[in-house]
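Have a look at the structure below before the remarks.
Residue numbers (my numbering): 1 to 410.
Below, the structure written as structure tokens:
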């Protein structure tokens, strides 16, 4: 017997088709602009998220993330060619952002076996042929997420190969008109999935069973998948990043999670909340942890504005009290679009070892997530909070709308 869902079909993936197509075309223009800015004749994209960003084609996203079985050729000028997984060429036939679809060369040893070198040569020959049409910057090309053999084969053929992830991250960091509308749709679906999960929270349920409610509603509502396995309870919450387990949730436990959900249209819905299991009152320690996490998030959101430097922001960010520094979250803020994106900013005390560009600034059109994890260095429970916001020309618009827990924030 199927369980009814709390929404009608297509309740979230309802952005008008013409808007979606305009966004796909605008994203591709962003990519080409960065290809030219980095003086590349073309980039070859294997990462399925980058492929979807650059042309709108979706196919076996999780499978393709670990198997370089399909790729997209985006030149500085000229036709865009999608090399699709064999027998899947029909999936992208409707896209105006793809000029030609060919079957991908089987460059993975998994497929090519003893003929590996033969198919690598065929791969290089096709790239040679395409580049000859529009060699805007000679033999300078970018590539990412492929096999080592493919990179070496291109280099042996005389290509000057660089990392395509650099221009693609810059392209993705600024949202085009209409893109935030699609992000909002993804967030509304994920928030509904979180509400379904919160309604299922009760003492006696396991972390994994509770987490499954998030999955079911996300997929049923038109979402794609969840990137991480981050729902934890009680002492399992601290330190953070302990993966969802079969632990049985007890009355009074804190339950913390990070959505990390790829929802409608392939857009990332990334916010975090912490609940309390059962009907009891939270302890003083639990409320203190929650208050600190909430203060950190709100303080740092208030700092965000167009033009503030990355390092300036990190140095002005909320100072983490000493007992909670050891278990601090790895960064203070990160970009967000179809996944976690550029930039990811370290805390000021970590800047020298993992810091970002000293001269870069936040720009209008960036969507970022503001993070907090508060857990004492001596153990006990922890609180995870995170908000997704959009930087406009005037300030910040909060995109995530799921409220804070009333009992914990009271």
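Quick reminder that beta carbons are idealized off the backbone N, C-alpha and C, glycines included. Keep in mind the model is a prediction, meaning the values are calculated, not measured.
* **residue 241 versus residue 230: straight-line alpha-carbon distance, rounded** => The residue labelled residue 241 in the question sits at position 241 within the chain shown. The residue labelled residue 230 in the question sits at position 230 within the chain shown. Cα to Cα, residue 241 sits roughly 6 angstroms from residue 230.
* What are the boundary residues of the beta strand (DSSP E) that includes residue 91? -> Counting from 1 along the chain shown, the entry for residue 91 is found at position 91. From DSSP, residue 91 is part of no beta strand (DSSP E); its letter is neither H nor E.
* The beta strand (DSSP E) spanning residue 159 covers which residue range? -> In the chain shown, residue 159 corresponds to position 159, counting from 1. Residue 159 -> no beta strand (DSSP E), and no H or E assigned at all.
* Nearest-angstrom Cα distance between residue 1 and residue 392? -> Here residue 1 refers to the residue found at position 1 of the chain shown. Here residue 392 refers to the residue found at position 392 of the chain shown. With a pLDDT of 38 at residue 1, under the threshold of 50, the modelled position of this residue cannot be trusted; read the value that follows with caution. The straight-line gap from Cα to Cα measures roughly 47 angstroms.
* Tell me, please, whether the segment 162-175 touches the segment 93-100 by the rule of three or more beta-carbon pairs shorter than 8 angstroms. => Taking 8 angstroms as the limit for Cβ pairs, the verdict is that the segment 93-100 does not touch the segment 162-175.
* Asked: Going along the chain, which residues of its own chain have a beta-carbon closer than 6 angstroms to the beta-carbon of residue 193, five neighbours each way excluded?
  -> By 1-based counting over the chain shown, the position of residue 193 is 193. Within the same chain, residue 193 has close Cβ partners 214, 217, 218.
* Asked: With burial defined as no fewer than 16 other Cβ atoms inside 10 Å of the residue's Cβ, what is the status of residue 384: buried or exposed?
  -> Walking along the chain shown from the start, residue 384 turns up at place 384. Result: buried.
* Asked: Between residue 43 and residue 80, is the Cβ-Cβ spacing less than 8 angstroms?
  -> Position 43 of the chain shown, counting from 1, holds the residue named residue 43. Position 80 of the chain shown, counting from 1, holds the residue named residue 80. No. Outside cutoff.
* To do: Use the C-beta contact count for residue 367: other C-beta atoms within 10 angstroms, 16 or more gives buried, fewer gives exposed.
  => Working through the chain shown from its first residue, we reach residue 367 at position 367. Residue 367 comes out buried.
* Asked: Cβ atoms of residue 280 and residue 497: under 8 angstroms apart, would you say?
  -> As shown, the chain starts at 1 and ends at 410. That puts residue 497 outside it, with no answer to give.
* To do: Compute the distance between the beta-carbons of residue 380 and residue 285, then report whether it is under 8 angstroms.
  => Along the chain shown, one-based indexing puts residue 380 at 380. Along the chain shown, one-based indexing puts residue 285 at 285. Yes. Within cutoff.
* Any idea if residue 354 is buried or exposed, counting beta-carbon neighbours within 10 angstroms, 16 or more meaning buried? -> For the purposes of this step, residue 354 is taken as the residue at position 354 of the chain shown. So residue 354 counts as exposed.
* In the DSSP assignment, find the unbroken alpha helix (DSSP H) run with residue 283 in it and report its ends. => Position 283 of the chain shown, counted from the first residue, corresponds to residue 283. Looking at the DSSP string, residue 283 is not in any alpha helix (DSSP H), and its letter there is neither H nor E.
* Stretch pair the segment 96-106 + the segment 13-29: three plus CB contacts closer than 8 angstroms -> yes
* To do: Given a cut-off of 8 angstroms, decide if residue 314 and residue 297 are closer than it, judged by their beta-carbon atoms.
  => Position 297 of the chain shown holds residue 297. Position 314 of the chain shown holds residue 314. Not closer than 8 angstroms, so no.
* **Pair within 8 angstroms by beta-carbon distance, residue 249 and residue 206** => On the chain shown, residue 249 is found 249 positions in, with the first residue counted as 1. On the chain shown, residue 206 is found 206 positions in, with the first residue counted as 1. Yes. Within cutoff.
* **Rounded separation between residue 136 and residue 71 - CA only** => Taking the first residue of the chain shown as 1, we reach residue 136 at position 136. Taking the first residue of the chain shown as 1, we reach residue 71 at position 71. So the two alpha carbons sit approximately 21 angstroms from each other.
* By Cβ distance below 6 angstroms, which residues in the same chain neighbour residue 308 in space, the five residues on each side in sequence not counted? -> What you label residue 308 is simply residue 308 of the chain shown in a count that begins at 1. Non-local C-beta neighbours of residue 308 in its own chain, meaning closer than 6 angstroms and more than five positions away in sequence, comprise 362, ordered along the chain.
* Using the beta-carbon count (16 or more within 10 Å), is residue 17 buried or exposed? -> Locating residue 17 in the chain shown gives position 17, where the first residue counts as 1. Residue 17 counts as exposed, since fewer than 16 other beta carbons sit within 10 angstroms of its beta carbon.
* List in chain order: all unbroken beta strand (DSSP E) runs of 3+ residues lying wholly within the segment 224-262. => 231-233, 254-258
* Alpha-carbon spacing of residue 400 relative to residue 359, whole angstroms -> Position 400 of the chain shown holds residue 400. Position 359 of the chain shown holds residue 359. Going by C-alpha positions, residue 400 is about 29 angstroms away from residue 359.
* To do: Could you tell me the distance, in whole angstroms, from the CA atom of residue 390 to the CA atom of residue 37?
  => Locating residue 390 in the chain shown gives position 390, counting from the first residue. Locating residue 37 in the chain shown gives position 37, counting from the first residue. Between residue 390 and residue 37, the C-alpha separation is close to 25 angstroms.
* To do: Determine the direct distance from the alpha carbon of residue 158 to that of residue 120, and round the result to whole angstroms.
  => The residue labelled residue 120 in the question sits at position 120 within the chain shown. The residue labelled residue 158 in the question sits at position 158 within the chain shown. Near 14 angstroms, if we compare the C-alpha coordinates of residue 158 and residue 120.
* To do: Could you tell me the distance, in whole angstroms, from the CA atom of residue 48 to the CA atom of residue 283?
  => Start at 1 with the first residue of the chain shown, and residue 48 comes out as number 48. Start at 1 with the first residue of the chain shown, and residue 283 comes out as number 283. Approximately 45 angstroms, taken between the alpha carbons.
* **residue 105 in three-state terms, based on DSSP** => For the purposes of this step, residue 105 is taken as the residue at position 105 of the chain shown. It is coil, neither helix nor strand.
* **Assigned exposure category for residue 448 - 16 Cβ within 10 Å defines buried** => The requested residue 448 is not part of the displayed model; the chain covers only 1 to 410.
* **Exposure label - residue 118; buried when at least 16 CB within 10 Å** => Locating residue 118 in the chain shown gives position 118, where the first residue counts as 1. The residue is exposed, with fewer than 16 neighbouring Cβ atoms inside 10 Å.
* **Candidates 267, 289, 302, 406: closest to residue 340 by CA position** => Position 340 of the chain shown holds residue 340. Comparing Cα positions, the closest option is 267.
* Asked: With C-beta atoms as the reference, is residue 265 less than 8 angstroms away from residue 182?
  -> Against the chain shown, residue 265 aligns to sequence position 265. Against the chain shown, residue 182 aligns to sequence position 182. Their beta carbons are under 8 angstroms apart, which means residue 265 touches residue 182 by this criterion.
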